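**Q**
Protein chains: 2
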Amino acid sequence: MSNGAGALLEILRRQPEASRSELAERTGLARSTVGQRLELLSALGYVEEAGPRPSTGGRPASTVRFKPDGGVILALDLGATHCRLAVTDLNREVLAEVSHELPIADGPEQVLGRVRTLLLALLRRARRAPAQVRAIGVGLPGPVEFASGRPVNPPIMPGWDGVDVPRLLSAFGAPVLVDNDVNIMALGEHREHWPQCGDFLFIKVATGIGCGIITGGRIHRGAQGAAGDIGHIRVPDADELCRCGNRGCLEAVASGGALARRLSAQGLAVDDARAVVEAAQRGEPLAVAAIRESGRTIGEAMAGMVNFFNPATLVIGGDLAHAGDELLAGIRGAVYERSLMLATRELRIVTSQLDEAAGVVGAATMATDGLFDPARVDALAARAVSAG
Amino acid sequence: MSNGAGALLEILRRQPEASRSELAERTGLARSTVGQRLELLSALGYVEEAGPRPSTGGRPASTVRFKPDGGVILALDLGATHCRLAVTDLNREVLAEVSHELPIADGPEQVLGRVRTLLLALLRRARRAPAQVRAIGVGLPGPVEFASGRPVNPPIMPGWDGVDVPRLLSAFGAPVLVDNDVNIMALGEHREHWPQCGDFLFIKVATGIGCGIITGGRIHRGAQGAAGDIGHIRVPDADELCRCGNRGCLEAVASGGALARRLSAQGLAVDDARAVVEAAQRGEPLAVAAIRESGRTIGEAMAGMVNFFNPATLVIGGDLAHAGDELLAGIRGAVYERSLMLATRELRIVTSQLDEAAGVVGAATMATDGLFDPARVDALAARAVSAG
Numbered sequence: 210m211s212n213g214a215g216a217l218l219e220i221l222r223r224q225p226e227a228s229r230s231e232l233a234e235r236t237g238l239a240r241s242t243v244g245q246r247l248e249l250l251s252a253l254g255y256v257e258e259a260g261p262r263p264s265t266g267g268r269p270a271s272t273v274r275f276k277p278d279g280g281v282i283l284a285l286d287l288g289a290t291h292c293r294l295a296v297t298d299l300n301r302e303v304l305a306e307v308s309h310e311l312p313i314a315d316g317p318e319q320v321l322g323r324v325r326t327l328l329l330a331l332l333r334r335a336r337r338a339p340a341q342v343r344a345i346g347v348g349l350p351g352p353v354e355f356a357s358g359r360p361v362n363p364p365i366m367p368g369w370d371g372v373d374v375p376r377l378l379s380a381f382g383a384p385v386l387v388d389n390d391v392n393i394m395a396l397g398e399h400r401e402h403w404p405q406c407g408d409f410l411f412i413k414v415a416t417g418i419g420c421g422i423i424t425g426g427r428i429h430r431g432a433q434g435a436a437g438d439i440g441h442i443r444v445p446d447a448d449e450l451c452r453c454g455n456r457g458c459l460e461a462v463a464s465g466g467a468l469a470r471r472l473s474a475q476g477l478a479v480d481d482a483r484a485v486v487e488a489a490q491r492g493e494p495l496a497v498a499a500i501r502e503s504g505r506t507i508g509e510a511m512a513g514m515v516n517f518f519n520p521a522t523l524v525i526g527g528d529l530a531h532a533g534d535e536l537l538a539g540i541r542g543a544v545y546e547r548s549l550m551l552a553t554r555e556l557r558i559v560t561s562q563l564d565e566a567a568g569v570v571g572a573a574t575m576a577t578d579g580l581f582d583p584a585r586v587d588a589l590a591a592r593a594v595s596a597g
Numbered sequence: 210m211s212n213g214a215g216a217l218l219e220i221l222r223r224q225p226e227a228s229r230s231e232l233a234e235r236t237g238l239a240r241s242t243v244g245q246r247l248e249l250l251s252a253l254g255y256v257e258e259a260g261p262r263p264s265t266g267g268r269p270a271s272t273v274r275f276k277p278d279g280g281v282i283l284a285l286d287l288g289a290t291h292c293r294l295a296v297t298d299l300n301r302e303v304l305a306e307v308s309h310e311l312p313i314a315d316g317p318e319q320v321l322g323r324v325r326t327l328l329l330a331l332l333r334r335a336r337r338a339p340a341q342v343r344a345i346g347v348g349l350p351g352p353v354e355f356a357s358g359r360p361v362n363p364p365i366m367p368g369w370d371g372v373d374v375p376r377l378l379s380a381f382g383a384p385v386l387v388d389n390d391v392n393i394m395a396l397g398e399h400r401e402h403w404p405q406c407g408d409f410l411f412i413k414v415a416t417g418i419g420c421g422i423i424t425g426g427r428i429h430r431g432a433q434g435a436a437g438d439i440g441h442i443r444v445p446d447a448d449e450l451c452r453c454g455n456r457g458c459l460e461a462v463a464s465g466g467a468l469a470r471r472l473s474a475q476g477l478a479v480d481d482a483r484a485v486v487e488a489a490q491r492g493e494p495l496a497v498a499a500i501r502e503s504g505r506t507i508g509e510a511m512a513g514m515v516n517f518f519n520p521a522t523l524v525i526g527g528d529l530a531h532a533g534d535e536l537l538a539g540i541r542g543a544v545y546e547r548s549l550m551l552a553t554r555e556l557r558i559v560t561s562q563l564d565e566a567a568g569v570v571g572a573a574t575m576a577t578d579g580l581f582d583p584a585r586v587d588a589l590a591a592r593a594v595s596a597g
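Next comes the structure, spelled out in structure tokens:
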């Protein structure tokens, strides 16, 4: 049962400022309760006085507002070979940011040790102290048990299986939330550009293929946290051997990695997804054709998901999305042709606007969502009341 | 913001009785507020005194409880050719029930007129007055815009497109909620047998094929309310013409209707899904083989959904589910073989336990969920406070 502190903070995070009587009216709380809860939120550093509002007669109403500089968030997007790290304020505005080469296969101790050093330097650059860190969000390139923050049999992360990632980042004394990269990219893109969209899919097409699912503003994780793992859907009539041991998986046929292997065998010098896109941008006919075909294959697989889930928006991200229309045209064609008319009537299929920033924006979003979860804020307020 | 009335009712609906101090503790409301809200709930007819609880010393605590006979629910499951109607108490216990031939193609005025007559007879049988009806839940065999209760281009319901179903049942003076049959079957089966299951799918295999999706205890409807419409997913290498105008749809290949057509062409006298199942139960080899193959085809299509959605439980219902193991074996084989190991590690695939009652149980569940929605109860309580 809510005591109102969380609900008040939710309102203040969504508008520039509010008077106490507006807050009482919108929450149904007594004015005295509003005042008491605001004191607690102010002691936590999350709200502050905003001064009097110009009055239309009578005594001017004093207002309060959310305080974005009441702490900082650390946002970590760890990929297969690179990391992107950011310090943001409590509104997820980036204060300092860095990208760095950092092979995830170096293992958790070495990678997270290096990350800690980079984060301390970033905090200095942002002129903030480590003690000001309020929450940490981490995206990893593999499956994660969200409740514990531990990777689960991650295929490209040797040494990370079952590792307690929050413990390895506990030096900052802030809660650490960990999820897989596609989920946080979906969350970032959704919150930043599609916040009103109730049913949203984000498909990452890079070395692998994965999907993040947002419904009712939340990530759909599924029973084992495996939801969105579309890379191993079977493609009809395909026979390519997949790293998972099956044949004909979507990822083995249509990912950037698969295209790089196929084009290399045809004599084109491309080692990875980015090189394939560059070749297509140079106008290499083989690369252009391969990307279009890949879009079509992905679209055919997604047509079933679109019927099943009925999303309003489907965003395509990841390295291969840089091929732009080549990839998109294939996906759109196949989805519109093969999904039910009712399910595609208002469906938008577009490329990611956040692009390479989707991961850190999503990590910061996950961290602030956890930090300002109304039930958590209520519990903090209740503890403060009983302690005081 | 909650005023507590809805939350109190939620608690009382889940346990046999509670004392006022327990309720105050669990909700965080002041004891005086608890007393005031309970008076309102009692005036609405939803709670009553349960008398003193045996005491372990000191004054015995008086308790209150939910009052299942504080009104009745009408539950309507309207199929293509038959209807099933029930009067239940507020705990969804069936007080009287009837099944009746009633072709949906007779059109809304005639069908709902007949339904009203049948419901009045059922109420008499249950010794309840029409004025005691608190809510009505309706399942229809086609797509429905849930917010308005209007069917949307329903393929087998001539004359029903856009019809205001709640208005045609307004004589009972109670709120009317309408959804498609597969959604309410999923809701009924979930609440009755899998209430703890977070991610749940119910697949109906009958004349057509559809899927109900439950996540976090709620029906996932999707952007246009079309979620779960898996009957038109494309089956690789299939060419059968579907009623939707495409070729190779799952429904055109593997539904009971498709099997009946195919077996008839092979000389077996079966007109519909039920006849196909009866033939299989008699041991007709053609029918047995066709049902197994249908299971395999459905399973191959579902393998992708299982990777995507990662459900914990997948229930198979509808007429063809009466074929039991023949259908189930095919579905299980294909799903376990083609889905990711992580997604199927704890996946259960079973047949419906509610079977033909799934629709009415689901309709009653939808009606009580709407009636006792905490926000709605809070609003009623707030109105009573300001009126009093």
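In order, the protein sequence lines correspond to chains A and B.
Mapping of the first sequence onto the numbering used here: residues 210 to 597, in sequence order.
Mapping of the second sequence onto the numbering used here: residues 210 to 597, in sequence order.
Ideal placement from N, C-alpha and C gives every residue a C-beta, glycine not left out.
None of these values were measured; they are calculated from a predicted model.
On the three-state DSSP scale, how would you describe Gly457/A?
**A** The answer is coil: DSSP assigns Gly457/A none of H, G, I, E or B.
**Q** Going by DSSP in three states, Gly322/A sits in which element: helix, strand or coil?
**A** Residue state, collapsed to three classes: helix.
**Q** Bridge partners for His291/B per DSSP, in chain order?
**A** Answer by DSSP bridge pairing, in chain order: Glu310/B.
**Q** Give the secondary structure of Gly348/A by DSSP, where H, G and I count as helix, E and B as strand, and everything else as coil.
**A** Gly348/A falls in the strand class under three-state DSSP.
**Q** So the alpha helix (DSSP H) Leu536/B belongs to, where does it begin and stop?
**A** Run containing Leu536/B: Asp534 to Arg547, per the alpha helix (DSSP H) assignment.
**Q** Report the partner residues of Gly421/A according to the DSSP bridge assignment.
**A** For Gly421/A, which the question treats as bridged, DSSP gives the partners Phe411/A.
**Q** Since Leu551/A meets chain B, which of its residues come closer than 9 Å, beta carbon to beta carbon?
**A** Within chain B, the residues near Leu551/A are Pro352, Val361, Asn362, Gln433, Gly434, Ala435 and Asp438.
**Q** Taking Cβ to Cβ, would you say Val175/A is nearer than 8 Å to Ala335/A?
**A** In the structure displayed, chain A extends from 210 to 597; residue 175/A sits before or after that span and is not available.
**Q** Reducing DSSP to helix, strand and coil, say where Asn389/A ends up.
**A** Strand.
**Q** Verify the CB distance criterion: does Arg541/B have a CB-CB separation below 8 Å to chain A?
**A** It does not: the Cβ of Arg541/B has no partner Cβ on chain A nearer than 8 Å.
**Q** So for Val303/B, helix, strand or coil by DSSP?
**A** The answer is strand: DSSP assigns Val303/B an E or B state.
**Q** Have a look at the DSSP bridge pairing and note the partners of Ile558/B.
**A** DSSP, once it has assigned bridges, lists Leu523/B as partnering Ile558/B.
**Q** Between which residues of its own chain and Thr522/A is the CB-CB distance below 7 Å, once the five residues before and five after are set aside?
**A** Hits under 7 Å: Trp403, Cys406, Phe409 and Arg557.
**Q** Counting contacts by CB-CB distance shorter than 8 Å, is Ser211/B in contact with chain A?
**A** Taking Cβ atoms only, chain A reaches closer than 8 Å to Ser211/B, which makes this a yes.
**Q** Please list the residues of the stretch 440 to 451 of chain A that have a C-beta atom closer than 8 Å to any C-beta atom in chain B, keeping them in chain order.
**A** For the stretch 440 to 451 of chain A, which is checked against every Cβ of chain B, the residues closer than 8 Å are His441, Ile442, Arg443, Pro445 and Asp446.
**Q** Along chain A, which residues have their Cβ under 8 Å away from the Cβ of Cys420/B?
**A** Correct list: Phe517.
**Q** Take Val353/A and list the residues in its own chain whose beta-carbon comes closer than 6 Å to its own, dropping the five residues that flank it on each side.
**A** Pro360, Val387, Asp388 and Asn389, listed in sequence order.
**Q** If you compare alpha carbons, which of Arg262/B, Leu249/B and Ser211/B is closest to Leu238/B?
**A** Nearest option by C-alpha distance: Ser211/B.
**Q** At 4 residues or longer, and completely inside the stretch 234 to 271 of chain A: list those alpha helix (DSSP H) runs for me, N to C.
**A** DSSP runs (the alpha helix (DSSP H)) wholly in the stretch 234 to 271 of chain A: 240 to 252.
**Q** Anything in chain B within Cβ reach of Ala510/A, meaning under 9 Å, just list it in chain order.
**A** The contacting residues are Gly513.
**Q** Leaving aside the five residues before and after Glu401/B along the sequence, list all residues of the same chain whose C-beta is less than 7 Å from its C-beta, in chain order.
**A** The answer, listed in chain order, is Leu563 and Val570.
**Q** Note down, in chain order, all residues in the stretch 389 to 417 of chain B with a beta-carbon under 7 Å from any beta-carbon belonging to chain A.
**A** Those residues of the stretch 389 to 417 of chain B that come within reach of chain A (Cβ to Cβ, closer than 7 Å) are Gly407 and Asp408.
**Q** Flag this pair as yes or no: are the beta carbons of Ile559/A and Val524/A separated by less than 8 Å?
**A** First, the residue type needs correcting, since residue 559/A is Val and not Ile in the sequence shown. Cβ atoms of Val559/A and Val524/A: closer than 8 Å.
**Q** Would you say Asp299/A and Val324/A are within 8 Å of each other, going by their C-beta atoms?
**A** The sequence as given places Leu at residue 299/A; Asp does not occur at that position. Their beta carbons are not under 8 Å apart, which means Leu299/A does not touch Val324/A by this criterion.
**Q** Helix, strand or coil for Val374/B? Go by DSSP, reduced to three states.
**A** Helix.
**Q** Can you list, in chain order, the residues of its chain whose CB lies under 7 Å from that of Pro186/B, leaving out five sequence neighbours each side?
**A** The requested residue 186/B is not part of the displayed model; chain B covers only 210 to 597.
**Q** If you check the beta carbons only, do Glu509/A and Arg547/A fall under 8 Å apart?
**A** Their beta carbons are under 8 Å apart, which means Glu509/A touches Arg547/A by this criterion.
**Q** Is there a Cβ of chain A sitting closer than 8 Å to that of Glu487/B, yes or no?
**A** No, because no Cβ of chain A sits closer than 8 Å to the Cβ of Glu487/B.
**Q** Output, in sequence order along the chain, the residues in the stretch 323 to 334 of chain B whose CB is closer than 7 Å to any CB in chain E.
**A** The question asks about chain E, but that chain is absent: this structure's protein chains are A and B.
**Q** Taking the alpha helix (DSSP H) that Gln166/B belongs to, which residues open and close that run?
**A** No statement about residue 166/B is possible, as the shown extent of chain B runs from 210 to 597 and does not include it.
**Q** Which bits of chain A does Pro583/B rub up against, with CB to CB less than 7 Å?
**A** Near Pro583/B there are no residues of chain A at all, since even the closest Cβ is about 11 Å away, more than 7 Å.
**Q** By the three-class DSSP mapping on this structure, what secondary structure does Thr297/A have?
**A** Looking at Thr297/A - three-state DSSP - the assignment turns out to be strand.
**Q** Check each candidate in Pro263/A, Ala330/A and Gly542/A and name the one with the smallest Cα separation from Thr272/A.
**A** Of Pro263/A, Ala330/A and Gly542/A, the residue nearest in Cα terms is Pro263/A.
**Q** Looking at Val243/A and Leu250/A, is the spacing between their C-beta atoms short of 8 Å?
**A** Taking 8 Å as the Cβ cut-off, Leu250/A and Val243/A do not qualify as a contacting pair.
**Q** Name the one or two DSSP bridge partners that Glu354/A has.
**A** Paired residue(s): Arg359/A.
**Q** Who are the Cβ neighbours of Gly254/A in its own chain at under 7 Å, not counting the five residues just before and after it?
**A** Excluding positions up to five away in sequence, the list reads Lys276, Gly279 and Gly280.
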